[in-house]
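4 protein chains.
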Amino acid sequence: MKSIDNLPKKMKALVFVEKGKIEIVEKDLPKVGPNDALIKVTTTTICGTDIHIWKGEYPVVKGLTLGHEAIGTLAAYGDEVKGYELNERVLAGAITPSGHSAACQGGQSSQDGDSEKYGYKLTAGWKFGNIADGCQAEYILVKDAMYNLAKVPSSLTDEQVLMCPDIMSTGFSGAENARIKIGDFVGVIAQGPIGLCATNGARLLGASKIIAIDGNDSRLEMAKKMGATHTINFTKEDVLKRVSEITDGRMLDSAIECLGKQATFNQAVNLIRPGGTVSSLGVYSEDISIPIKAIGAGLNDGVIAFSLCPGGKERMRRLMEIIETNRVDLTKLVTHTMPFDKIVEAYDLFANQRDGVLKVALKF
Amino acid sequence: MKSIDNLPKKMKALVFVEKGKIEIVEKDLPKVGPNDALIKVTTTTICGTDIHIWKGEYPVVKGLTLGHEAIGTLAAYGDEVKGYELNERVLAGAITPSGHSAACQGGQSSQDGDSEKYGYKLTAGWKFGNIADGCQAEYILVKDAMYNLAKVPSSLTDEQVLMCPDIMSTGFSGAENARIKIGDFVGVIAQGPIGLCATNGARLLGASKIIAIDGNDSRLEMAKKMGATHTINFTKEDVLKRVSEITDGRMLDSAIECLGKQATFNQAVNLIRPGGTVSSLGVYSEDISIPIKAIGAGLNDGVIAFSLCPGGKERMRRLMEIIETNRVDLTKLVTHTMPFDKIVEAYDLFANQRDGVLKVALKF
Amino acid sequence: MKSIDNLPKKMKALVFVEKGKIEIVEKDLPKVGPNDALIKVTTTTICGTDIHIWKGEYPVVKGLTLGHEAIGTLAAYGDEVKGYELNERVLAGAITPSGHSAACQGGQSSQDGDSEKYGYKLTAGWKFGNIADGCQAEYILVKDAMYNLAKVPSSLTDEQVLMCPDIMSTGFSGAENARIKIGDFVGVIAQGPIGLCATNGARLLGASKIIAIDGNDSRLEMAKKMGATHTINFTKEDVLKRVSEITDGRMLDSAIECLGKQATFNQAVNLIRPGGTVSSLGVYSEDISIPIKAIGAGLNDGVIAFSLCPGGKERMRRLMEIIETNRVDLTKLVTHTMPFDKIVEAYDLFANQRDGVLKVALKF
Amino acid sequence: MKSIDNLPKKMKALVFVEKGKIEIVEKDLPKVGPNDALIKVTTTTICGTDIHIWKGEYPVVKGLTLGHEAIGTLAAYGDEVKGYELNERVLAGAITPSGHSAACQGGQSSQDGDSEKYGYKLTAGWKFGNIADGCQAEYILVKDAMYNLAKVPSSLTDEQVLMCPDIMSTGFSGAENARIKIGDFVGVIAQGPIGLCATNGARLLGASKIIAIDGNDSRLEMAKKMGATHTINFTKEDVLKRVSEITDGRMLDSAIECLGKQATFNQAVNLIRPGGTVSSLGVYSEDISIPIKAIGAGLNDGVIAFSLCPGGKERMRRLMEIIETNRVDLTKLVTHTMPFDKIVEAYDLFANQRDGVLKVALKF
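Residue numbers (numbering that gives the first Met the number 0), protein chains in the order written: chain A, 0 to 363; chain B, 0 to 363; chain C, 0 to 363; chain D, 0 to 363.
Structure (structure tokens):
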């Protein structure tokens with residue numbers, strides 16, 4: 000194991016205490032195994048999922064460090080980790096696959112499982128702040144570092160790449176799984192940070208008309224900056240009617256659902272043309288109903304695709320290349336910057352969507 | 000227009016009279032336009048959809064000729080139809096796309112639409128016995144003949160190719176849209192004629208373990224003949240538990256739903272591994288609910304694909320090649336043969352699944 | 000058949016006389032069949048292929064009307080053509096597939112064949128100015144109009160859509176067949192009109208670094224306007240070395256060849272990473288040699304894809320949507336405008352690449 | 000590290016001495032690192048590539064242990080290797096990717112590279128008997144064991160799975176990359192062990208007519224057993240003419256080249272229809288020329304795909320599932336069995352294709 004000098008024994012970390020309660024505690028620094036890397040965090044952030052955990056809507060063990068998005072410098076790494084140098088700037092995806100499970104070898108690494116018996120395990124590529132200590136801490140341990148540790152180009156600031164681990168990778172996967180072809184009409188339902196990235200992803204993949212749908216005009220304004228050609232405020236307009244007008248009755252080749260509610264899922268299914276695609280990024284808390292008429296009793300040749308954020312160093316590298324070549328600027332989603340010590344306050348701000356918040360950068 | 004000699008003015012046809020009532024009537028022979036072909040039917044058959052129409056569960060106009068599967072000889076064709084000869088043996092798919100709509104040009108010809116304004120129309124490639132006179136008649140008119148008229152090799156009997164227009168094309172599409180890769184574990188839920196063809200399609204596409212599920216042992220026996228490596232009678236065994244045992248806990252790479260009920264759809268979703276595919280062939284009469292836990296709250300990287308039978312002469316040719324090279328023998332699905340005049344009786348037999356019926360060949 | 004009033008009996012057309020000789024002659028107006036449409040041309044243009052024909056390097060019959068790109072208004076159409084109105088603005092792709100051949104039904108309509116016996120015929124979707132009278136004429140006949148006749152939105156000028164029939168469709172297909180994924184490094188070799196569109200297509204499909212390669216600085220300047228992030232003038236720099244530097248040694252995920260010479264093909268193969276794609280748009284006049292070392296003795300998991308321009312009204316509609324949503328402006332490729340009567344002069348200008356010519360609009 | 004008792008210090012291994020000379024020597028047992036596994040070999044075999052190395056046609060370092068195919072029992076494994084037990088039967092693919100390189104994460108693990116700087120390295124997933132000690136030895140070291148170590152079901156003999164590491168995986172990849180659809184016409188050129196597996200793969204993926212081509216009648220007989228529907232002995236018949244007859248002039252949807260010569264590559268390109276695929280498995284020793292006329296001057300919409308054997312435990316598991324479900328029996332390719340001590344003799348037999356040899360099982 001190689002490590003920087005002066006590695007402390009203890010570190011600060013935000014942990015889940017109980018439903019509705021999170022706090023910064025002091026924890027031991029994690030032990031670094033042969034395939035692990037330790038990142039000294041410079042910037043982290045909060046995701047909607049973290050809020051669900053805080054509110055007790057998604058179960059995690061007590062004392063778990065929260066968060067799954069961080070950028071920092073390499074503080075230590077195991078003997079089997081090659082090609083990196085101490086102190087270089089690095090990040091890891093929110094999803095950190097092992098790289099060797101059946102799911103990984105089959106091209107679906109986010110469903111990576113740790114069970115040899117079963118080979119697969121649902122969403123088990125998501126470890127940080129879910130089934131292992133997360134990223135809202137001074138130091139984070141990256142398992143399977145050769146698969147997951149991505150170098151950050153010196154030309155890019157922490158804020159420029161802060162969306163790579165989750166928001167950008169997730170939003171883009173929504174567009175990728177929408178099977179977009181050149182000239183497609185694409186709708187993106189809900190324009191939170193992930194929806195905004197899905198809008199941008201649709202643009203990046205060659206859609207022509209890109210229709211952003213939300214109930215908040217300032218988010219729709221942001222959607223235009225991210226590449227939407229049309230916007231619909233569903234509180235003011237009939238979405239189905241407007242989409243029909245905009246597309247001259249053709250409706251959408253694909254609809255990307257970014258909220259996770261029955262109403263928005265319904266909308267997605269109703270907006271696609273025969274043979275169209277619904278690409279779902281939402282996290283649903285109840286069974287979803289498919290409106291049968293909209294899919295021609297099951298005969299519409301349509302596809303519904305569900306996606307979890309892709310991880311891995313190669314995905315991260317590609318996303319950073321997109322940023323470095325100025326194909327998208329996501330710093331505009333970083334509406335607030337606060338010191339890490341104020342993270343509990345930041346959770347409250349973010350959860351209540353006060354002050355036009357989209358994403359908060361938390362700095363050490 | 001070219002036609003055989005002695006073309007009659009009138010013909011027999013089975014029509015929908017009202018809910019629960021069908022009868023053979025005499026109709027005028029259809030007029031043959033420049034792009035049309037007229038087939039003199041030698042063999043036709045009855046599909047589950049016809050039963051739905053008979054029972055009034057699927058709406059068609061009164062007086063419509065029913066049926067969408069037929070084989071016969073070429074009796075007449077329009078001036079724009081080239082490359083065919085009178086009296087040669089031909090068939091057309093159950094789905095007869097125009098070949099020129101946006102849906103056709105986009106590779107989804109079953110969703111072919113007749114509206115220039117909208118470009119697409121849900122399931123509008125299905126014309127026979129749905130929105131145009133069908134195949135349970137002495138003569139049938141094939142529109143867009145250059146796209147739809149397929150030649151039947153002289154080496155094949157009517158019975159050998161009777162499944163091509165619908166059952167085989169549909170069942171195989173269920174397997175094709177299941178995204179099967181070499182070595183996959185595939186489950187096929189319900190082993191009626193379409194399910195049996197889906198079972199065969201899974202085998203044809205390289206699956207290893209192919210698990211046929213049904214409540215009827217004789218259909219499960221037939222499933223083995225069609226390529227199933229394992230069978231489960233759901234009335235006797237716990238399907239989830241058995242699939243887990245058979246697959247050593249890995250569960251299915253894909254599940255093909257062939258019935259169209261909530262219970263079987265649920266089963267399909269529950270049986271797939273993370274990242275697996277549900278390929279749905281069922282015709283549903285009510286909204287379908289997706290069990291959210293089985294798809295990891297929407298994060299399972301899974302796909303649900305809905306399919307309508309592919310048509311067109313090239314699809315038909317390929318299916319007939321499969322039969323001609325002895326890759327499958329579907330004559331075993333033709334359990335009964337009756338004269339066309341007894342078609343009302345045949346509907347009753349088929350609807351009530353009496354006498355181990357799978358498919359009935361009706362002959363002129 | 001419906002037609003505008005005052006349809007003349009004769010029209011002007013540029014024809015191939017003999018090797019090195021073309022001239023404007025007077026021809027009879029073509030006869031309009033049930034599935035045909037007649038376009039009164041407002042704007043046409045000249046393609047590199049036309050120059051090859053002029054020079055006798057590509058064989059056509061004497062007296063054939065040249066050209067395969069035109070925009071105009073609908074002057075007449077047959078009884079089987081529905082959904083159009085006389086005088087509306089229309090265009091057809093350079094490639095006009097029948098819509099019903101095996102190739103069309105298999106999703107490769109540019110290889111459409113007219114032979115029932117063989118089903119397929121090499122590049123037989125290309126009819127205009129090749130095996131049927133072409134587009135450099137006052138009127139042009141579009142066969143299979145329901146498949147090929149695309150409406151031009153009133154918001155778009157002839158100059159805006161002049162690249163749709165061939166240049167844009169071809170260039171984009173080069174990018175489409177390069178299997179580009181988000182973040183890819185793509186090289187485009189040769190920046191004539193098609194190469195410039197391929198550069199733009201790579202941008203439209205989510206590439207990050209897009210490297211345009213040519214020997215002409217003004218074309219490389221234009222490439223930057225079309226979306227290139229880097230340019231290499233091969234007369235001044237070592238292309239392999241520069242690509243290695245730009246990509247930090249990773250080389251290209253795909254290289255699009257747009258010239259049709261052994262040297263550029265070699266370059267494409269040498270520039271891709273293991274497992275990369277060569278997408279070839281060039282028209283080669285001699286056998287091409289694949290440098291075996293660059294493909295690891297045949298074990299590089301690479302792909303070489305050859306493309307012919309896609310046609311059909313749906314392709315045309317999608318390209319026009321891309322233009323209408325301001326995703327690309329191709330009017331900058333129209334460097335010259337001349338009256339149709341000066342077309343022989345225009346051939347000379349274009350063939351000799353004088354005066355910075357990229358494309359010439361010829362107007363009636 | 001865990002290991003079986005009585006692990007020896009030394010082992011027998013067949014090494015490359017110099018051009019034309021190989022011999023069994025005694026070597027130290029390899030050291031087992033944290034991510035490694037050590038297999039005690041029970042059966043190994045010889046591949047055509049080994050012959051090339053022996054003859055000095057493919058360069059390796061002197062003293063390298065040859066071979067890349069072996070089955071055995073787990074003799075030792077490192078601390079980071081989980082889910083395995085000592086003495087269980089295991090095998091590894093001929094290609095042993097790291098699982099974490101950019102190539103692996105991009106789904107092309109056979110092109111796995113060991114260079115962090117370059118990310119990719121041509122065919123670098125092939126390590127055994129190429130850039131690391133190989134499988135013709137008493138013990139073999141499997142790096143990245145969590146990615147590469149596949150369990151062999153107790154129901155299968157060594158002989159049944161002997162083709163999995165290379166021959167079957169390679170042959171099947173030739174069929175997979177041929178983009179076969181249900182009903183396709185597929186030709187397989189050369190019927191050595193890999194060609195025979197490609198023939199079988201074509202059958203497994205839904206081809207209808209499968210045409211095996213070779214100059215050796217006994218190999219063509221074997222091809223029929225592997226699924227060929229037609230055979231052509233090129234020494235007795237005109238291949239192009241026969242394929243045209245068999246396919247009624249349509250020619251092949253795809254041709255799989257399994258030899259690696261200009262003549263067979265030419266044949267593959269000439270046999271495909273417009274838009275068809277050439278899937279190449281051959282290892283070429285010289286630049287390959289593409290016959291330009293056969294690809295319509297570059298406009299045939301065709302694809303040429305080059306493949307290297309896929310590895311990894313999941314691939315191996317899938318291949319073994321295919322064998323276990325009786326979809327193919329490859330023991331018929333094992334024509335000879337000899338003790339390991341006679342391996343030099345076996346090389347000679349195999350290299351000279353004496354005695355109808357296809358594959359030789361070498362046993363400890």
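Even glycine gets a Cβ: it sits at the ideal position worked out from N, Cα and C.
(request) Check whether the stretch 148-159 of chain D touches the stretch 64-80 of chain D, taking contact to mean three or more Cβ pairs, one atom from each stretch, closer than 8 Å. (result) yes
(request) Starting from residue 16 (chain D), trace the beta strand (DSSP E) both ways and give me its first and last residue. (result) 9-17
(request) Identify, in the order they occur along the chain, each residue of the same chain with its Cβ nearer than 7 Å to the Cβ of residue 220 (chain C), setting aside the five sequence neighbours on each side. (result) none
(request) Pick helix, strand or coil for residue 78 (chain A), following the three-state DSSP scheme. (result) coil
(request) Sort out for me which residues DSSP pairs residue 40 (chain D) with in a bridge. (result) D:71
(request) Grab me the residues of residue 291 (chain A)'s own chain with a C-beta within less than 8 Å of its C-beta, minus the 5 sequence neighbours each way, in chain order. (result) 297
(request) Report the option in A:255, A:253, A:235, A:229 whose CA atom is closest to the CA atom of residue 244 (chain A). (result) A:229
(message) I'd like to know whether the C-beta of residue 200 (chain C) is nearer than 9 Å to at least one C-beta of chain A.
(response) yes
(request) For residue 79 (chain C), go through chain B and note every residue whose CB falls closer than 9 Å to its CB, in chain order. (result) 32, 33, 34, 79
(message) Going by beta-carbon coordinates alone, are residue 75 (chain C) and residue 134 (chain C) separated by less than 9 Å?
(response) no
(message) I want to verify the contact list: residues of chain D whose CB lies under 7 Å from the CB of residue 321 (chain B), in sequence order.
(response) 181, 182, 207
(request) Indicate whether at least one CB of chain D lies closer than 9 Å to the CB of residue 285 (chain C). (result) yes
(request) Run the CB neighbour count on residue 336 (chain D), radius 10 Å, all protein chains shown included, and call it buried at 16 or more, exposed below. (result) exposed
(message) Beta-carbon within less than 7 Å of residue 272 (chain D)'s beta-carbon, same chain only, minus the 5 sequence neighbours each way: which residues are those?
(response) 249, 250, 251, 252
(request) Take the Cβ of residue 326 (chain B) as the centre, count every other Cβ of all protein chains shown within 10 Å, and call the residue buried at 16 or more, exposed below. (result) buried
(message) Quick check on residue 282 (chain D): does DSSP put it in helix, strand or coil?
(response) coil
(request) From the DSSP output, in three-state form, read off residue 2 (chain B) for me. (result) strand
(message) What residue range does the beta strand (DSSP E) around residue 335 (chain D) cover?
(response) 333-338
(message) Starting from residue 198 (chain C), trace the alpha helix (DSSP H) in both directions and tell me its first and last residue.
(response) 192-203
(message) Counting beta carbon pairs with one atom in the stretch 85-105 of chain A and one in the stretch 52-64 of chain A, are three or more of them shorter than 8 Å?
(response) no
(request) Please classify residue 10 (chain C): is it buried, with 16 or more other beta-carbons within 10 angstroms of its beta-carbon, or exposed? (result) buried
(request) Pick out whichever of A:315, A:295, A:342, A:360 has its Cα sitting closest to the Cα of residue 125 (chain B). (result) A:295
(request) Determine the burial state of residue 62 (chain C): buried for a count of at least 16 other Cβ atoms within 10 Å of its Cβ, exposed for fewer. (result) exposed
(request) Starting from the beta carbon of residue 124 (chain B), find every residue of chain C whose beta carbon is closer than 7 Å, and list them in chain order. (result) Correct list: empty, because the minimum Cβ distance to chain C is about 12 Å.
(message) Out of B:198, B:161, B:175, which one is the CA nearest neighbour of residue 300 (chain A)?
(response) B:175
(message) Report the start-end ranges of each alpha helix (DSSP H) in the stretch 110-153 of chain C that is 4 residues or longer and not cut off at the edges.
(response) 144-147
(message) Going by DSSP, what residue range makes up the beta strand (DSSP E) through residue 88 (chain C)?
(response) 88-90
(request) Could you work out which residues of chain D lie near residue 167 (chain A), taking near to mean beta carbons separated by less than 9 Å? (result) Those within 9 Å of residue 167 (chain A) in chain D number zero; the least Cβ separation is about 17 Å.
(request) Please confirm if residue 305 (chain D) has its CB atom under 9 Å from at least one CB of chain B. (result) no
(message) Please tell me whether, using a cut-off of 8 Å, the distance from the CB of residue 99 (chain C) to the nearest non-hydrogen atom of the ligand ADP is below it.
(response) This structure lacks the ligand ADP, and indeed carries no ligand of any kind.
(message) Restricting to Cα atoms, I'd like to know which of A:171, A:267, A:313 is closest to residue 226 (chain A).
(response) A:171
(message) Run through chain B and tell me which residues come within less than 9 Å of residue 346 (chain C), C-beta to C-beta.
(response) Neighbours of residue 346 (chain C) on chain B: none; closest Cβ ~33 Å, over 9 Å.
(message) Please state whether the Cβ-Cβ distance between residue 52 (chain D) and residue 177 (chain D) is less than 9 Å.
(response) no
(request) State yes or no: is the beta carbon of residue 249 (chain C) nearer than 9 Å to at least one beta carbon in chain D? (result) yes
(message) I want to know whether the stretch 1-20 of chain D touches the stretch 306-314 of chain D - three or more CB-CB distances under 8 Å.
(response) no
(request) Could you spell out the range, first to last residue, of the beta strand (DSSP E) harbouring residue 361 (chain C)? (result) 358-362
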